[in-house]
Structure formats: structure tokens, C-alpha cells
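For the sequence shown, this note's numbering gives the first residue as 60, with consecutive numbering after it.
Backbone N, C-alpha and C fix where the C-beta goes; we use that ideal spot for every residue, glycine too.
A quick write-up on the structure given underneath.
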Amino acid sequence: MLKIFISFIAICLATAPEVLAQQKGEIPLPLPRQPKNIVLLIGDGMGTSQIYAGMVANGNILQLERFSHIGFSKTYSADNLITDSGAGATALSIGKKARNGGIGVDADSTLHETILESAAAAGKVTGLVATCDITHATPASFAAHQPNRDWHEAIALDMSKAGVDLMIGGGLRHFEERTDRSNLIAAMEDRGVMVVRDEAALFNIKSLPVAAFLWNEDAPAKHKGRNDILPRSTYLALEKLSEDEDGFFLMVEGSQIDWGGHANETEYITQEMIDFDQAIGIALDFAERNKETLVIVTADHETGGFAINGGNQASNTVQGAFTTKKHTAVMVPVFAFGPGAEAFTGIQDNTQLYEKMMAALDLAKKKRPVSWQNRDKF
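See the structure below:
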């Protein structure tokens with residue numbers, strides 16, 4: 060009887076503050092479900108087979124297993140059942156279907172403000188991290204507007220003026236070895252951007268904005284000597300962007316999972332997948348501590364028609380097979396963690412991911428008209 064009485068008193072003491080607050084009309088507010096920050100991680104060419112191959116090669120475990128909200132995305136472009144990275148990333152960045160090759164424009168080549176640009180206009184800081192040329196289709200789709208993904212110099216000009224607070228990738232040549240003889244690096248520095256060209260300088264930065272061009276073109280493949288620059292850059296980006304009290308939008312791309320699919324090389328895929336997963340783990344660790352960050356992982360498309368035809372979990376080996384050296388039209392997975400993650404479950408169009416991210420950051424009503432850049436078509 061004494062134990063029951065003690066338990067009753069403990070419950071009363073625990074609930075007393077809430078009861079008193081309700082009597083005073085001060086009902087405690089629930090934890091916020093709207094994030095202040097979004098980290099969007101895109102595994103270029105990453106389908107479910109790429110994920111499981113990386114899992115087996117990594118000892119049957121990936122950071123991706125920490126997600127509880129999972130869905131799928133339909134990736135078709137405006138003019139093809141099989142999308143390319145330009146149209147695939149553009150659907151995520153502007154919420155519109157583009158023709159294959161389009162960058163930040165819709166099917167009619169009309170410009171639309173990207174989610175990164177909308178976030179910046181709302182006072183948030185922004186970042187782009189990739190293991191490829193920063194003017195490559197996926198990162199470019201968040202900070203440039205061109206009808207052709209191969210117009211790297213035009214894309215570089217757009218990106219040099221986009222006001223991205225932190226850019227990390229390759230492609231230095233498109234900014235300073237240009238056919239028009241202009242030096243975009245000097246122009247960026249004149250606008251107050253710190254431009255760095257090596258890892259030592261990058262990891263010693265004190266403030267933003269920073270543009271890090273670590274390779275003249277693309278980074279080397281992971282299985283051919285690239286270090287852990289992607290997860291370390293992700294950590295750095297989160298550390299620096301989170302210093303701004305208004306929040307941030309960060310896109311991180313595991314660029315070369317796609318290239319392993321194009322090359323039909325299983326080891327290339329697994330090593331890039333594991334490297335990308337480490338960056339995902341860093342983002343999840345940050346979100347768990349921060350409590351105000353929504354982490355989303357998805358792909359622009361699948362590459363290679365990759366299948367797992369055999370292997371051995373004990374030896375962490377995978378026997379892969381391919382149906383093509385190009386992209387395929389299969390749905391790709393979507394993972395979400397943090398405030399608002401539940402909205403990303405189920406089967407959805409890739410353009411809906413944009414709409415859900417815009418809603419999560421309450422950016423839709425703050426969008427500028429398409430004339431914001433004094434041009435609306437090409």
C-alpha cells in the first residue's frame with residue numbers, strides 16, 4: 060500500500076507544473092515540427108541496388124538505416140521517361156519538369172527561382188558541396204539557369220553571381236580559364252568571396268562567403284585515391300552555415316555513384332556509396348543534436364540498371380550486373396529525418412519533394428517573380 064501511495068505522489072508532482080500551466084491558460088507548446096534548416100543529400104545515380112551493394116561492402120550496415128521515414132520518387136523528365144541529371148536535379152530545385160539537359164528552367168526554358176535562391180532571399184545562408192565539377196548538372200541546377208547543361212562557362216557565370224555562401228567542388232577552369240578571357244575568380248573576390256584552391260586553406264576558413272575549387276575539373280574517384288573530402292566538407296559546411304541564426308539550406312551530392320554506373324564497375328559504385336553514406340551520417344549526427352534540421356536523402360535517377368547477382372556477406376563482396384551504361388527510369392528512394400520528415404513518405408513525384416521542402420521552410424509565399432534576374436526565358 061505504501062508503494063502505491065508513493066507512486067501516486069510522484070505522478071502528482073511530475074504533472075503538477077503542466078496542470079498549473081493549464082489552469083493559468085499557459086498550455087505548454089509542443090516541440091516545433093517545422094525545421095529551420097534543410098540538408099538535401101543527392102546520391103547521383105543511386106537506386107536501391109546501389110544502396111544495398113554499398114551496405115554489403117561496408118559490413119552489412121549503412122548510416123541510411125537510421126532513417127524511419129522512407130518513400131520513393133518518380134523521376135521522369137518533361138520529354139523522356141528516363142531523366143538526365145539536369146532535369147532530375149531541376150525538378151528538385153524548382154519543382155518543375157524540365158527537358159533533359161535543362162538547368163534551373165522549366166520545359167519551356169522559363170527561369171524559376173531555385174529553393175536555394177528562395178532560401179537566400181528569405182535570409183538563410185546556403186551551401187553546395189559535390190565531388191564533381193561544381194558546374195556539373197546537379198549542383199548547377201540549384202544556382203544557375205541555362206537550357207543546356209553543357210554550357211559550363213555560362214553556368215559558371217551564373218554561379219559566380221548567385222551569392223552561394225559556401226561552394227565546395229571542382230571545375231576551377233570554368234571560372235578562370237575561359238574562352239571569353241574573363242576571370243570570374245577575380246570578380247568573385249572583388250565581391251568579398253574568399254576563393255580557396257586546396258584543402259588546407261578550406262579547413263582553415265574563419266568566415267563566409269567561401270568558394271573552394273579543389274580540382275581543376277572533377278575530383279578523382281574514391282577507389283582511385285580520393286580521400287574523405289566529401290564527409291569532411293559536409294561537416295565543415297554544417298559547422299559554418301549553422302553559425303547563422305536565421306538557418307540554412309545545404310545541398311550535398313555524392314556525384315560519382317552515377318559514374319560507377321556509367322562505367323558498369325561495381326567497386327566504383329560501392330566505394331562511392333560508402334563515402335556518400337559517411338556524409339549522410341554526419342548530417343544525421345548534426346540533426347540529432349540541432350533538433351531544427353530536416354535531412355533528406357534521395358537521387359536524381361538510377362544509373363546502369365544495376366543488379367546484385369551474387370556476393371558474400373562474410374567477405375563483404377558484391378557481384379554486380381548491368382542492363383545499360385546509361386540511366387534508367389526506375390523509381391528512386393527518399394529518406395527523411397527531423398522536423399517534417401513524415402511528409403516525405405510514400406510514392407511521390409520528384410517535383411513534390413521541392414514543394415514539401417519549400418513548405419517545410421515556409422518559403423513559398425516569399426518567392427520572387429520569375430523576372431527577379433531581369434530575364435525569364437532564353
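**OP:** Specify, as a first and last residue, the run of the beta strand (DSSP E) that Ser136 falls within.
**Re:** First-last for Ser136: undefined, no H or E at that position.
Original post:
Ends of the alpha helix (DSSP H) at Gly113?
Top reply: 107 to 116
Subject >> Pair within 8 Å by beta-carbon distance, Ile367 and Ala296 >> reply: no
Subject >> Thr293 - containing alpha helix (DSSP H), residue span >> reply: 288 to 300
**OP:** Report all residues from its chain with a CB closer than 8 Å to the CB of His321; omit the five preceding and five following residues, and keep chain order.
**Re:** Gly104, Thr362, Gly363, Lys384, Lys385
Subject >> Separation of Phe345 from Ser200, as counted between CA atoms >> reply: 25 Å
Original post:
Are His360 and Thr134 touching if we call contact CB-CB under 8 Å?
Top reply: yes
**OP:** Tell me the start and end of each unbroken beta strand (DSSP E) in the stretch 362 to 402 that is at least 3 residues and wholly inside, in chain order.
**Re:** DSSP runs (the beta strand (DSSP E)) wholly in the stretch 362 to 402: 366 to 371, 376 to 380, 391 to 396.
Original post:
Is it true that the CB of Phe308 sits closer than 8 Å to the CB of Ser301?
Top reply: no
**OP:** Kindly indicate the opening and closing residues of the alpha helix (DSSP H) around Glu312.
**Re:** No alpha helix (DSSP H) holds Glu312; the beta strand (DSSP E) holding it covers 307 to 313.
Subject >> Neighbourhood of Gly145 by C-beta, 6 Å cutoff - its chain only, sequence neighbours within 5 removed >> reply: The residues Gly160, Gly161, Ile162, Ala196, Arg208, in chain order, have a CB closer than 6 Å to that of Gly145 in the same chain once the five nearest residues on each side in sequence are set aside.
Subject >> Neighbourhood of Gln330 by C-beta, 6 Å cutoff - its chain only, sequence neighbours within 5 removed >> reply: Lys281, His282
Subject >> Reduced DSSP category for Gly323 - H, G, I as helix; E, B as strand; rest coil >> reply: Contrary to the premise, residue 323 reads as Asn rather than Gly in this sequence. Three-state result, Asn323: coil.
Original post:
How is Leu121 classed by DSSP in three states: helix, strand or coil?
Top reply: coil
Original post:
Nearest CA to the CA of Thr376: which residue from Asn119, Val98, Ser266?
Top reply: If we check each option's Cα against that of Thr376, Asn119 comes out closest.
Original post:
For the alpha helix (DSSP H) that Leu170 lies in, which residues bound it at each end?
Top reply: That residue, Leu170, is in no alpha helix (DSSP H); it is neither H nor E in DSSP.
Original post:
Between the Cα of Met416 and the Cα atoms of Met114, Thr173, Asn117, which residue gives the shortest distance?
Top reply: Looking at the Cα atoms, Thr173 is the closest of the given residues.
**OP:** Specify, as a first and last residue, the run of the alpha helix (DSSP H) that Asp421 falls within.
**Re:** Unbroken run through Asp421: none, as it is neither H nor E.
**OP:** Please go through the same chain and pick out, in chain order, the residues whose beta-carbon is closer than 7 Å to the beta-carbon of Met247, but skip the five residues on each side of it.
**Re:** Ser219, Val254, Ala270
**OP:** Within 10 angstroms of the Cβ of Arg158, are there 16 or more other Cβ atoms? Answer buried if so, exposed if not.
**Re:** buried
Original post:
Could you give the distance in angstroms between the alpha-carbon of Ala419 and the alpha-carbon of Lys183?
Top reply: 14 Å
Original post:
Going by the CB atoms, is the gap between Arg256 and Phe234 shorter than 8 Å?
Top reply: no
Subject >> 7 Å CB neighbourhood of Asn139 in its chain, flanking five on each side removed >> reply: Asn159
Original post:
Hey, would you say Ile193 sits closer than 8 Å to Gly229, going by beta carbons?
Top reply: yes
**OP:** State the Cα-Cα distance for the pair Gly369 and Gly313, rounded to the nearest angstrom.
**Re:** Gly369 and Gly313: Cα-Cα distance of roughly 25 Å.
**OP:** Entirely within the stretch 244 to 292 and at least 3 residues each: give me those beta strand (DSSP E) ranges in chain order.
**Re:** 253 to 255, 269 to 274
Original post:
Is the CB-CB distance between Asn355 and Gln109 below 8 Å?
Top reply: Rather than Asn, the amino acid found at residue 355 in this sequence is Ile. No, these two residues do not count as a Cβ contact at 8 Å.
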